[in-house]
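Line by line, the protein sequences give chains F and P.
Heads up, the first sequence is in our numbering, so the first residue is 1 and it goes up one at a time.
Heads up, the second sequence is in our numbering, so the first residue is 227 and it goes up one at a time.
Here a beta-carbon is modelled for each residue, glycine too, at the ideal position from N, C-alpha and C.
Data block below; observations after.
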Amino acid sequence: MDYQLDFVGLFPYYKDLVSGIILTIQITILTTILGVSFGIIGAATRVGKNKFLQNLVGGFVEVVRNTPFIVQLFFIFFGLPTIGFKLTALEAGMIAMVINLGAYSTEIIRAGIEATDKGQWEAGKTLGLKWYQIFIHIILPQAFNKISPALISQCVIVMLGSSVLSQISVEELTFTANFIQSRTFLSFESYFLITGIYLIFAIVLRFVLTVVSEKLFKTKAMKEGN
Amino acid sequence: MMHALRNQKVRGILFQLLTVIGLVAFLWYIGSNTMSNIEQRGIKTGFEFLNSTAGFGIDEAPISYQETDTHGRVFFVGLSNTLIIGFVGIIFSTILGLIIGVLRLSNNWLIRKMSAAYIDIFRNIPILLQILFWYNVVLKSLPAPRKSLEFAGDIFMNNRGLYIPQPDINSTTLTILASFVVAIVSIFFLNIWGNKKQEETGKDFPIIIIGFALFIILPIIAYFIGGANFNFDYPSLQGFNFRGGKSISPEFLALTFALVIYTATFIAEAVRSGIEAVSKGQKEAAASIGLSQYQALKLVVLPQAIRIAIPPTINQYLNLIKNSSLATAIGYPEIVTVFSGTSLNQVGQAIEIIAMTMLVYLTISLVVSAILNWFNHKMKIKER
């Protein structure tokens, strides 16, 4: 084994790399925001009063959680055009990721809401608040406080899942790695580099989301209480 | 009219009605849209394509398959490959996960930190990237068949895969296989019998030793009963490639390595949390009533740890099966690659094909979660 590592050989492709990094960051930010919002709406429906919508969202969540992400992606990218929705690879990828994170976070947030004391709903009602006011101002912050570690992990998993978009030729990080290694034959170096970047992404995303959730959902009383 | 609108009941029904109407309109829009699109492009609908000839070859088909077979056959070839990779992956990731999970709680600082680092690193790298890494970096850089790596004289590894000797199927092999099944079944029943006896008499039944003995003795007896005729088909280099023996493709190897290493990190965490969840007082209580360390582990710690560790582990099995769909990136012919990939390209009926694929995974999930529910029900602490 007289193999010499050659990271310098990757240098001519730094522009592809940077654009791959930027695209992955953009996808991650957009997916996290849209997906969690989707999850909040989904969870609100799941605990809401309408039985029909409850079952509809529940069934949808089960289908998404029990099928592979890549099959969902193929369904949106190859399947939807046959019924008249033409999408670019990036659009299809974004929709698939938002739906995926949305379904998982619906389930996580719902668990948080159900773990919140029923008395909180009743207390809100006695104060004369409307359902949505109780949900937004009382229940949701407490629920988020309980489930933020699980939700953050899910966001990181979905961020790592963005690598799958390379299969429908979205030019994100993994696509870039494949592109570079097929051009240079420096397969170990390119994958090693990309792996390092994903690790950094995972750590940074976890850190940022932890800070955000502390800032947003930990009230002063909660901090003192804990 | 306004009066009726203020009535909460009437309003509720009204909103329900509006939702249903909205949904029906949406579905109708999609339906008509689909029909017009399909008409425009001349795409067929329905499942008749399953009977048409596929016309492409599949390298690894566990069930017999030829190019002239139908797309329906392709579906089953893909399905069986998915099940194979799932089965192999589950077994190996359980073993690796158990080991790493226990090492994670070791008293040795270095071992503990190393297994923690293993878990943290491999669960934070996208599984697709790991599959590509094993396939493109490790297995592609192996030597060509003529310069194969050789293990124990009869096992060869090169960039076309792994070649191992394969036993001929005759009466001896079949009896030995049967003896393994007999061993597993008898251990299962011996365990139940031993537990019952222990509850009655308090004597410990050495199931582990007896189980091991059964596993070794029964196949040896079977070897002689079956005629002591054990032949291997050895791989050998002929021309540019190996002939004979059992060959395992690099696609399969890469997928197995990546899935096992990735899934084992999650299983290790489940094992660790299971063991840690058993409070120290339980072990001390067991010691104080005079149980040996082995008895304490078997009777007190493990039953409680398993109850906590199994549900997340089974969830990880499901994830492993779902992640095996990423095989399409390296071309291992499981269901997404051959059916949602190649067949889809030929037939063009994306909705039907992908719906069928989704149904496969949904079914697997439902079966597994039924098993999980049964297990949870069985393992529920019975309070007396």
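I180 (chain F) sits buried, since 16 or more C-beta atoms from the chains shown fall within 10 Å of its C-beta.
If you look at L5 (chain F), you'll find it isn't in any beta strand (DSSP E); DSSP assigns it neither H nor E. Taking the C-beta atoms as reference points, A480 (chain P) is found nearer than 7 angstroms to I556 (chain P).
Going by beta carbons, Y460 (chain P) and D394 (chain P) fall outside the 7 angstroms limit. Per DSSP, the continuous alpha helix (DSSP H) segment holding K604 (chain P) begins and ends at A576 to M605. For P68 (chain F), a Cβ of chain P is located within less than 7 angstroms of the residue's own Cβ. Counting only runs of at least 4 residues, the stretch 287-374 of chain P fully encloses the following alpha helix (DSSP H) elements, listed from N- to C-terminal order: 297-329, 335-348 and 353-358. Cβ atoms of L151 (chain F) and S105 (chain F) come within 8 angstroms of each other, at about 6 angstroms. Residue contact check for F74 (chain F) against chain P: a CB pair falls below 7 angstroms. Taking the CA atoms as reference points, A454 (chain P) sits about 19 angstroms from L440 (chain P).
DSSP places Y198 (chain F) inside the alpha helix (DSSP H), whose first and last residues are S187 to F217. Exclusion of the five residues before and after L73 (chain F) leaves A92, G93, A96, V164, L165, Q167 and I168 as the residues of its chain whose Cβ lies within less than 8 angstroms of its Cβ.
Near chain F, meaning a CB-to-CB distance below 7 angstroms, no residue of the stretch 306-339 of chain P qualifies. Collapsing the DSSP output to three states places Y255 (chain P) in a helix. Contact annotation, Y488 (chain P) with Q356 (chain P): C-beta distance approximately 6 angstroms; criterion of less than 8 angstroms satisfied.
With respect to the 7 angstroms criterion, N350 (chain P) and A202 (chain F) are classified as neighbours on the basis of their beta carbons. The Cβ atoms of P538 (chain P) and L160 (chain F) lie no closer than 7 angstroms to each other. Taking one beta carbon from each stretch, the stretch 298-309 of chain P and the stretch 562-569 of chain P have 3 or more pairs nearer than 8 angstroms; the two touch. For V573 (chain P), the CB contacts under 6 angstroms within the same chain, skipping 5 residues up- and downstream, are F275 in chain order.
Residues of the same chain with a CB within less than 6 angstroms of the CB of I27 (chain F), apart from the 5 flanking positions on each side, are S162 in chain order. Contact note: M582 (chain P) does not reach chain F at a C-beta cutoff of 7 angstroms; the least C-beta distance is about 10 angstroms. Proximity of chain P to L53 (chain F) at the Cβ level (cut-off 7 angstroms) is accounted for by T245, in chain order. Assigned with DSSP and collapsed to three states, T568 (chain P) falls in helix. The beta carbon of F458 (chain P) lies closer than 6 angstroms to those of P391 and P393 in the same chain, with the five residues before and after it left out. For Q154 (chain F), no Cβ of chain P is located within less than 7 angstroms of the residue's own Cβ. Under the 7 angstroms criterion on CB atoms, Y488 (chain P) is classed as non-interfacial with respect to chain F.
The beta carbon of I580 (chain P) sits closer than 8 angstroms to those of S566 and L570, all from its chain and outside the five residues before and after it, given in chain order. Chain order gives no chain P residues near I95 (chain F), where near means a beta carbon separation below 7 angstroms; the closest approach is about 15 angstroms. Contacts with chain P (Cβ-Cβ distance below 8 angstroms) from the stretch 177-209 of chain F involve A177, N178, Q181, S187, F188, Y191, I194, T195, Y198, L199, A202 and I203, listed in chain order. Within chain F, no C-beta atom comes nearer than 9 angstroms to that of Q542 (chain P); the closest sits roughly 12 angstroms away.
Between I311 (chain P) and the set P:L552, P:T294 and P:S518, the nearest pair of CA atoms involves P:L552.
Contact annotation: G59 (chain F) and G102 (chain F) have beta-carbon atoms that are not nearer than 7 angstroms. Beta-bridge annotation (DSSP): N384 (chain P) is paired with P:G387. Listed along the chain, the chain P residues whose CB falls inside 9 angstroms of the CB of Q167 (chain F) are L354, L552, T554 and A555. Residues of the stretch 566-577 of chain P that bring their beta carbon within less than 7 angstroms of a beta carbon in chain F comprise S566, L570, A576 and I577, in sequence order.
Only buried fits W360 (chain P), as 16 or more other CB atoms lie within 10 angstroms of its CB.
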